[in-house]
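Undergrad:
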DNA sequence: CAGTGAGCGAGCTTCCGCTTGACTT
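Residue numbers (our numbering): 9 to 782.
#1: Residues bridged to residue 252 by DSSP?
#2: Going along the chain, which residues of its own chain have a beta-carbon closer than 7 Å to the beta-carbon of residue 631, five neighbours each way excluded?
#3: Are the beta-carbon atoms belonging to residue 5 and residue 189 less than 8 Å from one another?
#4: DSSP state of residue 197, grouped into three classes?
#5: Where are the beta strand (DSSP E) runs, 3 residues long or more, that stay fully inside the region 334-418, in chain order?
#6: Just tell me which of 374, 732, 297 and 474 has its CA closest to the CA of residue 319.
#7: Which class does residue 1 belong to by DSSP, given the choice of helix, strand or coil?
#8: Let me know if residue 571 comes out buried or exposed under the rule of 16 or more other beta-carbons within 10 Å of its beta-carbon.
#9: Is the number of C-beta pairs between the region 543-561 and the region 504-512 that are closer than 8 Å three or more?
#10: Considering only residues of the same chain and omitting the five flanking positions on each side of residue 377, which have a CB-CB separation below 6 Å?
#11: Consult DSSP for residue 420 and reduce its assignment to one of helix, strand or coil.
#12: Have a look at residue 513 and residue 226 and give me their C-alpha separation to the nearest angstrom.
#13: Residue 159 lies in the alpha helix (DSSP H); which residues open and close that run?
#14: Measure the C-alpha to C-alpha separation of residue 9 and residue 80 and round it to an integer number of angstroms.
#15: With DSSP as the reference, please indicate the residues paired to residue 719 in a beta bridge.
#16: Among the residues of its own chain, which have a CB less than 7 Å from the CB of residue 498, if the five just before and after it don't count?
#17: Can residue 515 and residue 524 be called in contact, C-beta distance under 8 Å?
#18: For the alpha helix (DSSP H) containing residue 95, list its first residue and its last residue.
#19: Check residue 23 in the structure and name its three-state DSSP category.
#20: Excluding the five sequence neighbours on either side, which residues of its own chain have a C-beta within less than 6 Å of the C-beta of residue 44, listed in chain order?
#21: Taking 8 Å as the threshold (C-beta atoms), are residue 121 and residue 21 in contact?
#22: Within this structure, are the beta carbons of residue 12 and residue 33 separated by less than 8 Å?
#23: Check each candidate in 606, 628, 650 and 720 and name the one with the smallest Cα separation from residue 622.
#24: Can you look up residue 55 in the DSSP assignment and give me helix, strand or coil?
#25: Note down, in chain order, each residue of its chain lying with its Cβ closer than 7 Å to the Cβ of residue 178, except the 5 sequence neighbours on either side.
#26: Please name the residue or residues paired with residue 206 in a DSSP beta bridge.
#27: Can you find the residues in the same chain that come closer than 6 Å, C-beta to C-beta, to residue 299, ignoring five residues on each side of it along the sequence?
#28: Looking only at C-alpha atoms, which of 521, 244 and 15 sits nearest to residue 433?
#29: In chain order, which alpha helix (DSSP H) runs of at least 4 residues are fully inside the region 569-650?
#30: Indicate the three-state DSSP secondary structure (helix, strand or coil) for residue 688 in the structure shown.
#31: Helix, strand or coil for residue 134, going by three-state DSSP, please let me know.
#32: Can you round the beta-carbon distance between residue 670 and residue 678 to whole angstroms, since I take them to be within the 8 Å contact cut?
#33: For residue 594, which residues in the same chain have their Cβ closer than 6 Å to its Cβ, ignoring the five residues on either side in sequence?
#34: In terms of residues, what are the limits of the alpha helix (DSSP H) holding residue 478?
#35: Using a Cβ-Cβ cutoff of less than 6 Å, which residues in the same chain neighbour residue 91 once the five nearest sequence positions on both sides are dropped?
#36: Among 17, 127, 203 and 411, whose alpha-carbon lies nearest the alpha-carbon of residue 398?
Here it is in structure tokens:
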């Protein structure tokens with residue numbers, strides 16, 4: 009029997025804390041929230057003052073049973089969840105779900121996981137802050153009402169299984185509107201002049217790059233300038249030296265970690281969080297879901313010590329960074345290595361790389377500014393009034409740059425690399441090597457990446473560190489947006505060159521607009537956004553979250569009652585829902601493409617039950633309409649009549665093999681060939697409209713070969729097989745699959761070995777495959 | 001799971017925020 013039961017949110021945290029508290033304390037984890045609104049009837053009794061109906065979350069029953077038992081035995085239960093709105097609610101739900109008696113329940117909070125912080129917290133317990141809990145209930149109920157009233161509206165008016173919500177719908181809106189900006193963008197052409205010069209001193213010559221600070225609006229003007237230059241001499245008009253400095257970026261929050269890991273390591277936000285979780289669980293980093301740039305006193309002193317030891321005292325500068333994130337709740341520290349003297353950690357390559365990034369960022373944040381000397385050289389052109397500018401930068405003291413430099417999203421800036429300039433003097437002559445005037449086009453705003461969308465959401469105060477990655481997944485899962493595969497276009501541009509007194513011109517081309525992995529809205533995403541904007545402009549407003557957050561704060565401060573706030577919101581909102589349900593037309597996004605040359609019937613592109621499709625004929629006509637789904641990368645907005653007609657050519661028989669037809673068609677998972685009842689997906693490079701019989705046979709055979717390789721080993725006991733799966737070899741036994749231990753060679757396994765592996769894995773935990781993830 | 005899209009219409013889908021796990025087309 010234990011005197012004290014301490015409950016925290018995360019098992020990794022529980023483990024650490026237990027070490028600090030003596031044997032009189034048992035530390036357990038609730039694994040996050042333990043109760044949630046019921047699924048049925050929205051989980052809210054709307055006519056009963058919006059009373060929430062809570063139930064133990066699925067999968068949390070075991071945790072609750074165990075905690076209940078321990079709580080009963082304990083003298084005191086310490087609720088030590090985070091000190092923010094959600095944390096307070098978790099404490100309250102625990103006290104409700106566990107039936108804790110107030111006299112033996114204490115609420116404590118701590119911001120650092122150190123022995124002093126925790127013992128201090130134990131000395132200063134308090135009760136549960138009911139006002140803060142109310143603010144959380146308001147947040148929860150509002151999200152539920154919005155989500156569970158808007159989504160069914162979409163099922164009726166657009167397509168089944170869609171979803172809408174305070175966070176996801178605004179995220180989609182951002183992407184949709186960015187795409188509209190890009191489509192509406194008219195590039196502005198101008199001519200940018202750059203030149204390469206050389207100067208001589210006694211010993212050697214140096215090359216210097218320079219640019220004209222302003223661009224020419226027309227080709228004629230650029231050409232005239234080059235002509236003037238052809239007859240010009242060049243001289244240094246002025247040299248200006250200015251001291252400058254650079255300061256390190258603050259330590260990582262969830263959002264900045266996701267951005268930097270995307271830029272420097274090409275991780276998706278999901279991957280970053282997964283790897284960070286592993287580092288957290290192995291005790292290498294602090295908690296990875298945080299909006300704070302704060303470092304604990306312990307971390308600051310560790311950093312100082314480490315920097316002084318490794319680089320010298322002059323490199324250390326202790327800093328605290330103010331959090332700029334809107335609505336930041338600061339329940340945790342910034343993301344940092346647990347031990348700053350550990351320069352490397354992690355058990356996989358990805359873990360080591362992410363750890364390295366976190367270590368460098370943290371250390372750099374506690375280092376001195378870099379001091380620089382920036383030099384600007386103005387160069388006179390004898391026959392023209394324009395001046396060239398050459399820029400140089402010398403690092404006088406590297407400071408934090410020794411360790412780390414933050415990357416940027418806009419690659420344009422990277423172009424402007426400033427090097428070291430040679431020693432120069434005012435009045436010194438310069439000699440032209442070559443000069444170029446290139447036609448440049450202004451660029452439309454860039455498409456969002458996963459990480460830049462997270463940054464934007466954070467700037468708007470929408471979403472929380474724990475939901476950034478899931479939100480990004482959701483809007484892709486619902487097929488509102490997809491990762492782009494825009495091939496871009498070839499764009500011609502003019503280039504003029506001046507070399508050895510000769511002026512020549514060239515027509516060159518460049519690739520523009522090509523994007524990979526950027527977020528692009530689908531037809532469904534655009535249409536749903538348009539529909540929601542027309543009917544629920546308030547919820548789609550970028551400031552909606554900020555506005556309700558303010559009201560949640562008022563609830564937390566006791567200025568408003570939570571259900572009063574919800575009532576004020578709900579009445580007009582619900583009216584809009586009802587009104588739209590009755591009066592809104594079904595959203596089809598229909599576009600008439602033209603007439604079928606064969607039958608003369610109309611051809612449309614529109615949204616169907618299963619997504620975007622094309623249709624021949626109207627349903628009123630005697631002959632039934634025919635349908636075909638759009639392919640990936642096709643859009644209702646841009647599909648042509650010819651492309652639509654192409655889609656109606658399937659299924660087509662491309663030949664025969666072993667006396668059966670080879671039928672090529674396009675299904676839910678893309679183009680495929682069907683033969684003897686088996687389906688084989690076409691490869692990326694195969695065009696289903698021109699694929700040959702020979703190629704189709706090749707694919708069928710390839711699939712058969714794979715099928716044969718699937719069986720690594722079979723035994724007399726037919727229940728057990730060693731198979732080759734997507735993730736390497738595994739053992740299949742009665743519909744369940746088992747991992748093969750690392751060092752074991754799959755083909756050497758005997759039946760006994762397999763049985764042993766199955767038996768041993770069975771002792772861990774029984775795993776039933778769920779048909780659907782919750 | 002692989003060409004569906006109306007018809008009869010049952011029963012289903014859905015939110016955000018806090019956690020981790022155990023898994024294979």
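Just so it is clear, CB atoms sit at the ideal spot from N, CA and C, and this is done for glycine as well.
TA: Working from what's here:
#1: 380
#2: 625
#3: The structure shown does not extend to residue 5, since the chain is modelled only from 9 to 782, so the question has no answer here.
#4: strand
#5: 378-389 and 395-405
#6: 374
#7: Nothing about residue 1 can be reported from this structure: the residues present for the chain run from 9 to 782 only.
#8: buried
#9: no
#10: 253, 255 and 407
#11: Bear in mind that a pLDDT of 45 at residue 420, under 50, signals an unreliable position, so the number given afterwards is only what the model happens to contain. It is helical.
#12: 14 Å
#13: 138-165
#14: 10 Å
#15: 731
#16: 517 and 519
#17: no
#18: 93-105
#19: helix
#20: 65
#21: yes
#22: yes
#23: 650
#24: helix
#25: 470, 548 and 550
#26: 215 and 439
#27: 261, 333, 336 and 473
#28: 244
#29: 570-591
#30: strand
#31: strand
#32: Not quite, the Cβ-Cβ distance comes to about 17 Å (not below 8 Å), so this is no contact.
#33: 165
#34: 476-485
#35: 117 and 339
#36: 203
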